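Just so you know, we're using my numbering here: the sequence shown kicks off at 4 and counts up by one.
A virtual CB, placed ideally from N, CA and C, is assigned to each residue, including glycine.
No experiment lies behind these values; they were computed from the predicted model shown.
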Amino acid sequence: FIEDSCKFYIANRDRIEEMQEELNDAVAAAQVFADMAKPNILRVTALNAYIQFCSKVMILAAQGIPVPQSIIMDVRSTVDKALLSATLTPDQITQLTRGGR
Numbered sequence: 004f005i006e007d008s009c010k011f012y013i014a015n016r017d018r019i020e021e022m023q024e025e026l027n028d029a030v031a032a033a034q035v036f037a038d039m040a041k042p043n044i045l046r047v048t049a050l051n052a053y054i055q056f057c058s059k060v061m062i063l064a065a066q067g068i069p070v071p072q073s074i075i076m077d078v079r080s081t082v083d084k085a086l087l088s089a090t091l092t093p094d095q096i097t098q099l100t101r102g103g104r
């Protein structure tokens, strides 16, 4: 392994800087794509959690166990805030939560 590593280094030492730049470019591109995907991942996660919650509410209702409307509305409000946070800036969210437009 060490011998192969040394041979690789000797054969490619003039390309190491170029390879490092290519690696840095790939890491930067991956970060850009990850940043672009974050809002969609947050939306999918929030909606999935809400669907699971609604399923539990329906199961409880089918078993004759009512879930208070206030709890349902509180969960919905939380999901709405999570969805808004994926598309709005922190300042816009602050304005909305304080009742301003």
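Per the coordinates, the alpha-carbon of Leu50 lies some 38 angstroms from the alpha-carbon of Glu25.
With respect to the 7 angstroms criterion, Val60 and Val70 are classified as neighbours on the basis of their beta carbons. When only Cα atoms are considered, Ile75 and Ala40 end up about 29 angstroms apart. Close CB contacts of Val78 within its chain, under the 6 angstroms cut and outside five residues either way in sequence, are with Phe56 (chain order). CA-CA distance, Gln34 to Arg16, rounds to 27 angstroms.
Of Ala31, Lys10, Met22, Leu45, the smallest CA-CA separation from Ala85 is found for Leu45. If you check the CB distance, Tyr53 and Val82 come in under 7 angstroms. In the DSSP annotation of this structure, the continuous segment of the alpha helix (DSSP H) that includes Phe11 starts and ends at 5 to 15. In the displayed model, Gln55 falls within a helix according to three-state DSSP.
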